[in-house]
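For reference, the structure is listed below as structure tokens.
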Amino acid sequence: MPKPISALLWVLVAVAGAGSFAWLAISRGETISAAWLLTAAVCSYLVGYRFYSRFIASKVFALDAARPTPAARLADGRDYVPTNRWIVFGHHFAAIAGPGPLVGPTLAAQFGFLPGALWIVVGVVLGGAVQDFVVLAASVRRDGKSLGQMAKEEIGPVAGYTALVAVLGIMIVLISVLALVIVNALKASPWGTVTIGLTIPIALLMGAYLRWLRPHRVLEASAIGIVLLIVALYAGRWVAENPALAPAFTLSGTTLAWLLMGYGFAASVLPVWLLLAPRDYLSAFVKLGVVVALAVGIVVVLPPLEMPALTRFTDGTGPVFAGKVFPFAFITIACGAISGFHALIASGTTPKLLARETDARFIGYGAMLAESLVAIMALIAACVLTPGVYFAINAPAAALGTTVESAARAVQAWGFSVSPAELTTLARQVGESSLLSRTGGAPSLAVGMAHIFSRALGGGSLALWYHFAIMFEALFILTTLDAGTRVGRFMLQDLGKHVWEPFGRVSWYPAVLLSSAIFVAMWGVFLYQGVTDPLGGINSLWPLFGIANQLLATVALCVGTTVIVKMGRARYAWTTLLPLAWLTAVTMTGGWVKIFSADPKLGFLAAASALGRAAAAGTLPSGVKDAATAARMAFNARLDAAVAAFFMLAVVVILADSIREWLQVIRGGKPARSTEVPFEPAPRGGAAVAASVAAGAVGGD
Amino acid sequence: MARAAFDSRVEAAATLGARLARRLGRVAAAVRAVVGAPDYDAYVAHLRERHPGARPLTRAEFVDARLRARYERPGSRCC
Numbered sequence: 006m007p008k009p010i011s012a013l014l015w016v017l018v019a020v021a022g023a024g025s026f027a028w029l030a031i032s033r034g035e036t037i038s039a040a041w042l043l044t045a046a047v048c049s050y051l052v053g054y055r056f057y058s059r060f061i062a063s064k065v066f067a068l069d070a071a072r073p074t075p076a077a078r079l080a081d082g083r084d085y086v087p088t089n090r091w092i093v094f095g096h097h098f099a100a101i102a103g104p105g106p107l108v109g110p111t112l113a114a115q116f117g118f119l120p121g122a123l124w125i126v127v128g129v130v131l132g133g134a135v136q137d138f139v140v141l142a143a144s145v146r147r148d149g150k151s152l153g154q155m156a157k158e159e160i161g162p163v164a165g166y167t168a169l170v171a172v173l174g175i176m177i178v179l180i181s182v183l184a185l186v187i188v189n190a191l192k193a194s195p196w197g198t199v200t201i202g203l204t205i206p207i208a209l210l211m212g213a214y215l216r217w218l219r220p221h222r223v224l225e226a227s228a229i230g231i232v233l234l235i236v237a238l239y240a241g242r243w244v245a246e247n248p249a250l251a252p253a254f255t256l257s258g259t260t261l262a263w264l265l266m267g268y269g270f271a272a273s274v275l276p277v278w279l280l281l282a283p284r285d286y287l288s289a290f291v292k293l294g295v296v297v298a299l300a301v302g303i304v305v306v307l308p309p310l311e312m313p314a315l316t317r318f319t320d321g322t323g324p325v326f327a328g329k330v331f332p333f334a335f336i337t338i339a340c341g342a343i344s345g346f347h348a349l350i351a352s353g354t355t356p357k358l359l360a361r362e363t364d365a366r367f368i369g370y371g372a373m374l375a376e377s378l379v380a381i382m383a384l385i386a387a388c389v390l391t392p393g394v395y396f397a398i399n400a401p402a403a404a405l406g407t408t409v410e411s412a413a414r415a416v417q418a419w420g421f422s423v424s425p426a427e428l429t430t431l432a433r434q435v436g437e438s439s440l441l442s443r444t445g446g447a448p449s450l451a452v453g454m455a456h457i458f459s460r461a462l463g464g465g466s467l468a469l470w471y472h473f474a475i476m477f478e479a480l481f482i483l484t485t486l487d488a489g490t491r492v493g494r495f496m497l498q499d500l501g502k503h504v505w506e507p508f509g510r511v512s513w514y515p516a517v518l519l520s521s522a523i524f525v526a527m528w529g530v531f532l533y534q535g536v537t538d539p540l541g542g543i544n545s546l547w548p549l550f551g552i553a554n555q556l557l558a559t560v561a562l563c564v565g566t567t568v569i570v571k572m573g574r575a576r577y578a579w580t581t582l583l584p585l586a587w588l589t590a591v592t593m594t595g596g597w598v599k600i601f602s603a604d605p606k607l608g609f610l611a612a613a614s615a616l617g618r619a620a621a622a623g624t625l626p627s628g629v630k631d632a633a634t635a636a637r638m639a640f641n642a643r644l645d646a647a648v649a650a651f652f653m654l655a656v657v658v659i660l661a662d663s664i665r666e667w668l669q670v671i672r673g674g675k676p677a678r679s680t681e682v683p684f685e686p687a688p689r690g691g692a693a694v695a696a697s698v699a700a701g702a703v704g705g706d
Numbered sequence: 016m017a018r019a020a021f022d023s024r025v026e027a028a029a030t031l032g033a034r035l036a037r038r039l040g041r042v043a044a045a046v047r048a049v050v051g052a053p054d055y056d057a058y059v060a061h062l063r064e065r066h067p068g069a070r071p072l073t074r075a076e077f078v079d080a081r082l083r084a085r086y087e088r089p090g091s092r093c094c
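Line order of the protein sequences matches chains A and B. When we follow our numbering, the leftmost residue of the first sequence carries the number 6, and every step to the right adds one. When we follow our numbering, the leftmost residue of the second sequence carries the number 16, and every step to the right adds one.
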């Protein structure tokens with residue numbers, strides 16, 4: 006394209022994006038079309054990708070297509086395989102996009118759509134995508150080393166071990182909060198329970214098919230699995246409508262919690278070909294399919310955003326979770342804006358697949374932009390609901406009471422309009438007995454998705470689409486839960502072998518069972534606590550997850566900054582220091598408020614002492630049965646405070662260790678010894694492999 | 016003449032079919048790679064090219080080893 010035309014085009018994209026943002030920000034009092042939000046986001050992504058990611062690729066890393074990647078140099082046909090960049094993009098995207106970008110934006114919608122939208126877009130362009138890209142590029146230059154290894158070798162052993170323990174902590178909180186989201190979506194819902202329950206035998210069936218019937222025919226097995234998923238959807242409805250069967254599948258929260266713990270344990274000890282692998286294939290197909298379908302649906306329908314730009318809950322009194330916009334909008338939305346967990350993927354499988362190191366830009370930065378778009382779509386789907394309905398679904402029973410009348414009164418008292426009849430009708434339309442206080446975000450997102458799908462694609466009732474969306478979300482979450490439990494088991498065995506050697510034997514059954522049970526118990530405690538919490542559990546667990554995820558992002562950005570400093574490019578270190586400074590402010594403020602706030606709805610310690618006082622005075626808050634329950638809840642709150650304190654301490658340790666290293670290197674007190682593999686021109690064979698793989702894919706710009 | 020024209024048409028259809036099948040095969044391979052299914056053919060091709068004397072694992076052994084490795088460390092699945 007001739008230069009002036011290209012420049013003009015980019016000016017237009019930038020103006021369209023900025024104009025849409027301005028329109029979103031100034032419109033008050035009337036509903037606004039989702040098209041504005043979508044345009045603002047997509048234009049920002051385009052500008053960010055074209056200019057900022059190119060700046061990082063050329064100036065900061067000086068990525069060079071002639072430099073052989075680990076996949077070319079170490080090709081082994083197993084881990085290191087030079088792969089076409091579109092395939093790596095799809096694989097990387099399927100790995101990073103989980104339930105996080107769906108749930109976080111839905112919860113943060115209690116502030117209105119604007120804070121979430123701004124953070125998702127600005128956060129990803131300047132933070133999340135930068136983190137993923139920098140970690141991927143750093144790992145590609147180091148034979149595909151993991152984040153923990155890089156932290157140890159580039160920063161120091163203290164940072165390395167802290168990172169390792171932090172990852173384990175994050176897995177525990179992550180799995181428990183995601184399990185809680187499923188429990189809240191499935192409790193007292195026979196349709197959902199049967200449909201999700203059936204996905205397990207479907208996976209087993211696929212596993213058996215792939216093992217014995219038609220070995221390794223992954224696509225055939227997946228096609229069968231997808232058909233069976235649709236059958237499961239109808240089977241769920243059939244059971245829910247059958248008065249004899251429905252009660253057997255109408256389960257309480259605690260029953261579901263125990264079932265999920267059993268499932269996690271089974272996934273950790275059973276052979277992977279039987280459950281984990283087939284489930285993962287199925288989930289990847291459904292994930293990619295539904296994400297594309299949701300994008301198409303939103304573009305076709307362009308629904309109005311019923312939620313105002315800002316609600317009164319920016320002041321911190323919100324019922325979905327307590328706390329003000331700063332820092333809680335930035336903790337609630339981690340995935341979609343910046344997610345530390347991605348650093349594990351970007352230093353896991355992906356760096357070993359890149360055919361050319363210049364692909365790191367498209368895959369690291371680009372795939373994160375795609376995830377951010379998923380988060381924007383989730384925000385749109387949540388804001389399609391009227392605020393009254395949104396709060397009736399997402400506020401806990403302690404705030405709403407248990408009848409549609411009390412719920413409507415509570416929501417009206419917050420200044421939103423909803424009638425009891427409206428809530429009853431909506432529940433009936435989606436095939437549930439009640440939608441009240443289904444906290445965790447999944448159900449309200451499913452209602453929003455059902456609205457969009459039924460308007461865009463037609464095809465049956467709202468109820469079918471609602472349960473389809475629930476199935477989609479649960480499939481997402483269960484793949485994180487089962488794979489995460491197994492990985493957690495391995496990490497625990499790896500740590501435990503230093504204490505007792507046999508504990509580390511990964512194929513010795515007593516050790517496998519013991520370590521799996523311990524790891525399940527570790528997240529099970531938090532899950533059970535969340536399920537029995539009258540405030541809904543999400544209020545305390547989701548912020549912990551956000552803080553944990555942002556802590557991991559802090560580690561990743563510290564590693565990235567260290568790598569940049571040691572390349573002799575300290576003048577560009579602001580690219581990672583900028584998001585690092587912001588995240589440090591967010592996690593430290595958030596952690597501090599969650600521990601020490603005097604408001605018992607917000608601060609863990611205040612909640613614990615308030616419960617203690619209430620129990621002593623004999624005036625227990627509604628929903629708390631007896632003094633023993635109150636004592637257990639107080640203990641849980643103190644445990645949460647300790648976990649938050651641990652995460653904050655980890656941030657401080659890693660920051661201090663990193664800053665020490667940077668200053669030493671910059672002052673010249675220490676040679677900038679980096680573990681980067683030195684640049685050697687490609688040997689003919691390796692270059693040929695890389696070139697043949699990359700052929701067909703368009704080069705950089 | 017008519018016979019020759021017919022033959023060439025059949026031949027053209029056959030090559031078209033073969034080309035279509037090849038293309039479909041490539042699409043299927045790409046889809047399998049995206050969902051992370053172990054790629055035995057690539058492994059065997061790699062061994063044949065780089066280590067001609069080596070005995071490759073059987074398909075079942077290879078798939079088993081790949082799947083087990085995939086779920087042993089964080090880095091394959093996210094939130």
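Note that the Cβ used here is the ideal one computed from N, Cα and C, for glycine as well. Note that the coordinates shown come from a computational prediction; the quantities given were computed from them, not determined experimentally.
Judged by DSSP secondary structure, A/Asn247 falls outside any alpha helix (DSSP H); it is assigned neither H nor E. By a beta-carbon distance limit of 8 Å, A/Leu588 contacts A/Ile343. Their separation comes to about 7 Å. Against chain A, the beta carbon of B/Arg70 has no neighbour under 9 Å; the closest one sits roughly 13 Å away. In terms of Cα proximity to A/Leu261, the closest of A/Arg78, A/Val492, A/Gly529 and A/Ile659 is A/Gly529.
DSSP places A/Ser38 within a strand segment (E or B) once states are collapsed to three. Neighbours of B/Pro67 in chain A, taken as residues at a C-beta separation under 8 Å, are lacking, since the least C-beta distance is about 13 Å.
Residues of the stretch 35-49 of chain B with a C-beta atom less than 8 Å from some C-beta of chain A are Ala43, Ala45, Val46, Arg47, Ala48 and Val49, listed in chain order. Apart from the 5 residues on each side of it in sequence, A/Met638 sits with its Cβ closer than 6 Å to the Cβ of Leu616 in its chain, given in chain order. If you draw a straight line from the Cα of A/Arg576 to the Cα of A/Met155, it is about 21 Å long.
Nearest neighbour of A/Ser49 by Cα position, chosen from A/Ala451, A/Ala102, A/Leu131 and A/Gly463, turns out to be A/Leu131. When the five nearest sequence neighbours on each side are left out, the beta carbons in the same chain lying within less than 6 Å of the beta carbon of A/Gly628 are those of Ala403 and Pro539, in order along the chain. Listed along chain A are Pro276, Val277 and Trp278, each with a C-beta nearer than 9 Å to that of B/Asp79. With fewer than 16 other Cβ atoms inside 10 Å of its own Cβ, B/Gly32 counts as exposed. In the DSSP assignment, A/Asn89 falls outside any alpha helix (DSSP H) and carries neither an H nor an E.
Listed in chain order, the beta strand (DSSP E) runs fully inside the stretch 129-173 of chain A amount to none, counting runs of at least 3 residues. Asp81, Gly82, Arg83, Asp84, Val86, Thr88, Asn89, Trp91, Ile92, Gly95, His96, Ala99, Ala100, Ile101, Ala102, Gly103, Pro104 and Gly105: these are the residues of the stretch 81-113 of chain A whose beta carbon lies less than 8 Å from some beta carbon of chain B, given in chain order.
Between the C-alpha atoms of A/Thr680 and A/Ala558 there is a straight-line separation of about 21 Å. Going by C-alpha positions, A/Gly323 is about 14 Å away from A/Pro332.
At least one CB atom of chain A sits nearer than 7 Å to the CB of B/Glu87. A/Leu112 places its beta carbon less than 7 Å from that of A/Thr337. Distances from the alpha-carbon of A/Leu287 to those of A/Ile231, A/Val297, A/Leu13 and A/Ala27 put A/Ile231 closest. The beta carbons of A/Tyr370 and A/Ala612 sit no closer together than 7 Å. Measuring C-alpha to C-alpha distances from B/Val78 to each of B/Ala69, B/Pro67, B/Arg70 and B/Ala52 identifies B/Ala52 as the nearest. Around the C-beta of A/Trp124, 16 or more other C-beta atoms lie within 10 Å, and the residue is accordingly described as buried. For the stretch 487-559 of chain A, the full-length alpha helix (DSSP H) segments reaching 4 residues or more read 514-537 along the chain. For A/Pro309, DSSP records a beta bridge to A/Ser38. For B/Arg83, a Cβ of chain A is located within less than 7 Å of the residue's own Cβ. For A/Trp597, the enclosing alpha helix (DSSP H) has its first and last residue at Trp579 to Phe601. In the structure shown, A/Leu483 adopts helical secondary structure according to DSSP, grouped into three states. Counting only runs of 4 or more residues that sit fully inside the stretch 387-411 of chain A, the alpha helix (DSSP H) segments are 392-399 and 402-405, in chain order. The C-beta distance from B/Tyr86 to A/Arg414 rounds to 49 Å, too long to meet the 8 Å contact threshold. Taking all protein chains shown into account, A/Gln417 has fewer than 16 neighbouring C-beta atoms within 10 Å of its C-beta and is therefore exposed. The beta-carbon separation of A/Pro356 and A/Gly149, rounded to 4 Å, stays under the 8 Å limit for a contact.
One Cα belongs to A/Thr592, the other to A/Gly341, and the distance between them is close to 17 Å. As the crow flies, the alpha-carbon of B/Thr73 is around 32 Å from that of A/Ile368. According to the DSSP assignment, A/His347 belongs to the alpha helix (DSSP H) that extends over His347 to Ala351.
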